[in-house]
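S.K.: Heads up: the sequence shown at position 282 corresponds to 282 in the UniProt record's numbering, and the numbers run straight through without jumps. To start, I am sharing the structure in question, which I have written as structure tokens.
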Amino acid sequence: ASQDGAGPSCVTSWALNGATGPQAPLEMNLCWNEIKKKSQNLRARLEAFSDHSAKLQVPLQEIIGWLGQKDEELSAQLPLQGDVLLVQQEKETHAAFMEEVKSRGPYIYSVLESAQAFLSQHPFEELEEPASESKDVSPRHRIQNISRFVWKQANVASELWEKLTARCVDQHRHIERTLEQLLEIQGVMEELTTTLDQAESVRETWEPIGDLFIDSLPEHIQSTKLFKEELSPMKDGVKVVNDLAHQLAISDVHLSMDNSRTLEQINMRWKQLQASINERLKQLQDAHRDFGPGSQHFLSSSVQVPWERAISPNKVPYYINHQAQTTCWDHPKMTELYQALADLNNIKFSAYRTAMKLRRLQKALRLDMVTLTTALEIFNEHDLQPSDRAMDVVEVIHCLTALYERLEEERGILVNVPLCVDMSLNWLLNVFDSGRSGKMRALSFKTGIACLCGTEVKEKFQYLFSQVANTGGLCDQRHLGILLHEAIQVPRQLGEVAAFGGSNVEPSIRSCFRFSNGKPTIEASQFMEWANLEPQSMVWLAVLQRVTMAEQVKHQTKCSVCRQCPIKGFRYRSLKQFNVDICQTCFLTGRASKGNKLHYPIMEYYTPTTSSENMRDFATTLKNKFRSKQYFSKHPQRGYLPVQSVLEADFSET
Numbered sequence: 001a002s003q004d005g006a007g008p009s010c011v012t013s014w015a016l017n018g019a020t021g022p023q024a025p026l027e028m029n030l031c032w033n034e035i036k037k038k039s040q041n042l043r044a045r046l047e048a049f050s051d052h053s054a055k056l057q058v059p060l061q062e063i064i065g066w067l068g069q070k071d072e073e074l075s076a077q078l079p080l081q082g083d084v085l086l087v088q089q090e091k092e093t094h095a096a097f098m099e100e101v102k103s104r105g106p107y108i109y110s111v112l113e114s115a116q117a118f119l120s121q122h123p124f125e126e127l128e129e130p131a132s133e134s135k136d137v138s139p140r141h142r143i144q145n146i147s148r149f150v151w152k153q154a155n156v157a158s159e160l161w162e163k164l165t166a167r168c169v170d171q172h173r174h175i176e177r178t179l180e181q182l183l184e185i186q187g188v189m190e191e192l193t194t195t196l197d198q199a200e201s202v203r204e205t206w207e208p209i210g211d212l213f214i215d216s217l218p219e220h221i222q223s224t225k226l227f228k229e230e231l232s233p234m235k236d237g238v239k240v241v242n243d244l245a246h247q248l249a250i251s252d253v254h255l256s257m258d259n260s261r262t263l264e265q266i267n268m269r270w271k272q273l274q275a276s277i278n279e280r281l282k283q284l285q286d287a288h289r290d291f292g293p294g295s296q297h298f299l300s301s302s303v304q305v306p307w308e309r310a311i312s313p314n315k316v317p318y319y320i321n322h323q324a325q326t327t328c329w330d331h332p333k334m335t336e337l338y339q340a341l342a343d344l345n346n347i348k349f350s351a352y353r354t355a356m357k358l359r360r361l362q363k364a365l366r367l368d369m370v371t372l373t374t375a376l377e378i379f380n381e382h383d384l385q386p387s388d389r390a391m392d393v394v395e396v397i398h399c400l401t402a403l404y405e406r407l408e409e410e411r412g413i414l415v416n417v418p419l420c421v422d423m424s425l426n427w428l429l430n431v432f433d434s435g436r437s438g439k440m441r442a443l444s445f446k447t448g449i450a451c452l453c454g455t456e457v458k459e460k461f462q463y464l465f466s467q468v469a470n471t472g473g474l475c476d477q478r479h480l481g482i483l484l485h486e487a488i489q490v491p492r493q494l495g496e497v498a499a500f501g502g503s504n505v506e507p508s509i510r511s512c513f514r515f516s517n518g519k520p521t522i523e524a525s526q527f528m529e530w531a532n533l534e535p536q537s538m539v540w541l542a543v544l545q546r547v548t549m550a551e552q553v554k555h556q557t558k559c560s561v562c563r564q565c566p567i568k569g570f571r572y573r574s575l576k577q578f579n580v581d582i583c584q585t586c587f588l589t590g591r592a593s594k595g596n597k598l599h600y601p602i603m604e605y606y607t608p609t610t611s612s613e614n615m616r617d618f619a620t621t622l623k624n625k626f627r628s629k630q631y632f633s634k635h636p637q638r639g640y641l642p643v644q645s646v647l648e649a650d651f652s653e654t
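This is the structure in structure tokens:
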């Protein structure tokens, strides 16, 4: 347009200014015609470029708008509902949506390909911004601006298309996965509901614990355990369905109201079923423990109101005084017995003091009527071998119960079995398990019963030695130490261990092995030879037999101190003074009358004296009259023994 308006005027002005020669107008016309031709070609190119770019911009803009709309529609499909039917419907909807997107694909690809072809024909370069603003833009810049705009539109459309197709695929997978999980949840919940219905119907058939027979308790315990094991797969099923629901929630898929309610009911019913099974099993086990064959329920009658017998978790009994609101480990009768034993503390000689305490204890526990033979039968029936194995409280109760029932059967006497069992258990725990761990070694149990049973001391020593000897009848120092350590616990519990060498049994072991002739083991005969000498650590056991034998003995003579006649129990005759006899109470407590101060040597009798013994004592007394005090100071009595017994006379020089 600029050329059309300015060209003629430029030519005219040039002619008027003195152009000369006949060729000047002709050259001018040729130049002008060339310019007009180039201008027309340029116009044609610009018009063609504008038409082509316009045909690309419109469909690209349309595609961009359509892709944005579809992206919003795709977003509107989320989140998915946690119901199988709704997700299936959503799956169908999404399939139709993907089909629509897929059908649009060829058109989009063709437009993008056209844009690519256009840009390859009309490339553009990134130009620097002009320094000054100018309203006139050259055609070249205009073409590059249009190419740049088409390129931007094509890029946006391509990115939106790729994003949309990728989102369609991801959402399709999400729907498929969600549907699969929901179907699995639905199947598992249906199965769990059926299993819960069956289990609850079984629970309804359970009989009350109080209506069951005691003999049937083990069977019911076993059936309840089997029932619990059969329901173990349900535990896994409940965990699976809860894990699936959690995974869906993480994916922003929340179960529908119906499914949530069903899952909540399943969890609640499962917890209630578990609680009822555990409670049922606990009640059955408690009933079997309290009333079954191995229970301690029958021992509850060993105490009277306000006392109550209770059991700790390790089966050790303890006693509750509801009136004083106190608890203690000792049976009320045992407490009374210990208080009564304090009356014997005025006995000067520890071996006799200990023996007399054990005698009271022996009679209170009725073990004085139990023979070692009977005890061995019970030990064998309850398989108390090897001796170092541990026994719990229930095993001890079983053995004691069988022992007293056998005593009742053999002697034909009435025995308060619950009281005797509970008292004996109390004493054994005090001696061998003062910490109340609920365990003691079989050797400890057998040692305690053997020491207090009504059998001669020689048989007791032989039996105790056999429990630590090997199959060849030999015993080494270690096993002898174990035996002596167990035995010394008996006086230790009474607070009398110091007089018998304390808890250190090493001196007794060395003393015993002096009879082994230098060998590392000792035989039963050698052990018995040592035991017959009444060693310090075991003398209380020998004295216990003498106390037992002396109880029923009456000596037809009068006590020189208290004037008691006849003398009952032990009789002590002075071998220094004539006609001085003292009863056991006066002698052991140190009582003496004026003019009758005790002079050693003194002979002890726990059996009625014979005429030959009287003559022997008279001769000995007469001989001692002429002996000096220095002679008797060379032969002092042992502190834990007041005198030698009449049966020990042959060992007097030793």
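For every residue, glycine included, the Cβ atom is placed at its ideal position computed from N, Cα and C.
1) Mind checking who residue 440 pairs with in its DSSP beta bridge?
2) State buried or exposed for residue 113, treating a residue as buried only when at least 16 other CB atoms are found within 10 Å of its CB.
3) To which residues does DSSP link residue 492 through a beta bridge?
4) Would you identify the three-state DSSP class for residue 530, choosing helix, strand or coil?
5) Comparing C-alpha positions only, which one of 542, 94, 110 sits nearest to residue 164?
6) Please determine if the stretch 260 to 275 and the stretch 229 to 241 are in contact, where contact requires at least 3 C-beta pairs separated by less than 8 Å.
7) Looking only at its chain, what residues have a beta carbon closer than 8 Å to the beta carbon of residue 434, apart from the 5 residues adjacent to it on each side?
8) Quick one: residues in its chain with C-beta nearer than 8 Å to the C-beta of residue 104, no 5 flanking neighbours on either side, listed in chain order?
9) Look at residue 369 and residue 413 and say whether their C-beta atoms are less than 9 Å apart.
10) Put residue 307 into one of helix, strand or coil per three-state DSSP.
11) Is the stretch 286 to 305 touching the stretch 204 to 217 in the sense that three or more CB pairs, one from each, lie closer than 8 Å?
12) For residue 377, report the span of its alpha helix (DSSP H) as first-last.
13) Taking just the CA atoms, how far does residue 63 sit from residue 108?
14) Taking the continuous beta strand (DSSP E) assigned at residue 603, which residues delimit it?
15) What are the residues that DSSP puts in a beta bridge with residue 583?
16) Determine whether the beta carbon atoms of residue 455 and residue 327 lie at a separation below 9 Å.
17) In its own chain, which residues sit with a C-beta less than 6 Å from the C-beta of residue 153, not counting the 5 before and 5 after it?
18) Which residues share a DSSP beta bridge with residue 317?
19) Taking the C-alpha atoms as reference points, what is the distance between residue 388 and residue 448?
20) Name the two residues that bound the continuous beta strand (DSSP E) containing residue 328.
21) In terms of residue numbering, what span does the alpha helix (DSSP H) encompassing residue 105 cover?
22) With distances taken from CA atoms, which of 231, 260, 427 is nearest residue 318?
23) Taking 9 Å as the threshold (beta carbon to beta carbon), is residue 437 in contact with chain C?
24) Going by Cα to Cα distance, which pick from 357, 198, 444 is closest to residue 393?
25) Kindly identify the DSSP beta-bridge partner or partners of residue 254.
26) Based on DSSP bridge pairs, tell me the residues matched to residue 555.
27) Would you mind sorting residue 496 into buried or exposed? The rule is 16 or more other CB atoms within 10 Å of its CB.
28) Between which residues of its own chain and residue 469 is the CB-CB distance below 8 Å, once the five residues before and five after are set aside?
29) When you compare only the Cα positions, how much space is there between residue 507 and residue 320?
30) Start and end of the alpha helix (DSSP H) containing residue 474?
31) Among 150, 69, 359, which has the Cα closest to the Cα of residue 58?
32) Rounded to a whole number of angstroms, what is the C-alpha to C-alpha distance between residue 296 and residue 401?
33) Residue range of the alpha helix (DSSP H) that residue 422 falls in?
34) Alpha carbon to alpha carbon, how far is residue 503 from residue 208?
35) Note down the Cα distance separating residue 158 from residue 118, rounded to an integer number of angstroms.
36) Could you give the residue range of the alpha helix (DSSP H) that holds residue 366?
M.R.: According to the structure shown:
1) In the sequence shown, the residue the question calls residue 440 occupies position 440. Paired residue(s): 391.
2) Start at 1 with the first residue of the sequence shown, and residue 113 comes out as number 113. Exposed, by the Cβ-count rule.
3) Here residue 492 is taken as the residue at index 492 of the sequence shown, counted from 1. Residue 492 pairs with nothing; no bridge assigned.
4) Here the question's residue 530 lines up with position 530 in the sequence shown. Note: residue 530 maps to helix in three-state DSSP.
5) Here residue 164 refers to the residue found at position 164 of the sequence shown. Nearest option by C-alpha distance: 94.
6) yes
7) Locating residue 434 in the sequence shown gives position 434, where the first residue counts as 1. Result list for residue 434: 493, in chain order.
8) Here residue 104 refers to the residue found at position 104 of the sequence shown. Closer than 8 Å at Cβ, skipping near neighbours: 66.
9) Position 369 of the sequence shown holds residue 369. Position 413 of the sequence shown holds residue 413. For residue 369 and residue 413, yes; Cβs fall inside 9 Å.
10) In the sequence shown, the residue the question calls residue 307 occupies position 307. DSSP places residue 307 in strand when its eight states are reduced to three.
11) yes
12) Translated into the one-based positions of the sequence shown, residue 377 becomes position 377. It spans 372 to 381 - the alpha helix (DSSP H) in which residue 377 sits, taken as one unbroken run.
13) Here residue 108 refers to the residue found at position 108 of the sequence shown. Here residue 63 refers to the residue found at position 63 of the sequence shown. The alpha-carbon atoms of residue 108 and residue 63 are separated by roughly 7 Å.
14) Residue numbering aside, residue 603 sits at position 603 when the sequence shown is read from its first letter. Run containing residue 603: 602 to 605, per the beta strand (DSSP E) assignment.
15) Taking the first residue of the sequence shown as position 1, residue 583 is located at position 583. 571, per the DSSP bridge assignment.
16) Against the sequence shown, residue 455 aligns to sequence position 455. Against the sequence shown, residue 327 aligns to sequence position 327. No. Outside cutoff.
17) For the purposes of this step, residue 153 is taken as residue 153 along the sequence shown, with counting starting at 1. Counting only Cβ-Cβ distances below 6 Å, and skipping sequence neighbours, we find 60.
18) Here residue 317 corresponds to residue number 317 of the sequence shown, with the count starting at 1. Paired residue(s): 311.
19) Stepping through the sequence shown from its first residue, residue 388 is reached at position 388. Stepping through the sequence shown from its first residue, residue 448 is reached at position 448. In a straight line, the C-alpha of residue 388 is about 14 Å away from that of residue 448.
20) The count along the sequence shown starts at 1 and reaches residue 328 at position 328. Note, residue 328: beta strand (DSSP E), 326 to 328.
21) Residue 105 sits at position 105 when you count from the first residue of the sequence shown. Segment 84 to 121, the alpha helix (DSSP H) holding residue 105.
22) In the sequence shown, the residue the question calls residue 318 occupies position 318. For the residues 231, 260, 427, the minimum Cα distance to residue 318 belongs to 427.
23) No chain C appears in this structure, which consists of one protein chain only.
24) Within the sequence shown, the letter at position 393 stands for residue 393. It is 444.
25) As a working note, residue 254 is residue 254 in the sequence shown. In the DSSP output, where bridge partners are listed per residue, residue 254 has 81.
26) In the sequence shown, counting from the first residue as 1, residue 555 sits at position 555. DSSP lists 567 as partners of residue 555.
27) Position 496 of the sequence shown holds residue 496. Its Cβ being crowded by 16 or more others within 10 Å, residue 496 is buried.
28) Translated into positions along the sequence shown, residue 469 becomes position 469. Result list for residue 469: 475, 479, 524, in chain order.
29) For this step, residue 507 is matched to residue 507 along the sequence shown. For this step, residue 320 is matched to residue 320 along the sequence shown. Cα to Cα, residue 507 sits roughly 43 Å from residue 320.
30) Here residue 474 corresponds to residue number 474 of the sequence shown, with the count starting at 1. Element bounds for residue 474: n/a, residue is neither H nor E.
31) To locate residue 58, count along the sequence shown from 1; it is residue 58. Among 150, 69, 359, the Cα nearest to that of residue 58 belongs to 150.
32) Reading the sequence shown from its first residue, position 296 is the one you call residue 296. Reading the sequence shown from its first residue, position 401 is the one you call residue 401. Using only the alpha carbons, I get a separation of about 11 Å.
33) Counting from 1 along the sequence shown, the entry for residue 422 is found at position 422. Start and end: 417 to 432.
34) Taking the sequence shown and counting its residues from 1, one reaches residue 503 at position 503. Taking the sequence shown and counting its residues from 1, one reaches residue 208 at position 208. Straight-line Cα distance between these residues: approximately 54 Å.
35) Position 158 of the sequence shown, counted from the first residue, corresponds to residue 158. Position 118 of the sequence shown, counted from the first residue, corresponds to residue 118. If you take the alpha carbons of residue 158 and residue 118, they lie about 16 Å apart.
36) By one-based count along the sequence shown, residue 366 stands at place 366. Where residue 366 is concerned, there is no enclosing alpha helix (DSSP H), given that its DSSP letter is neither H nor E.
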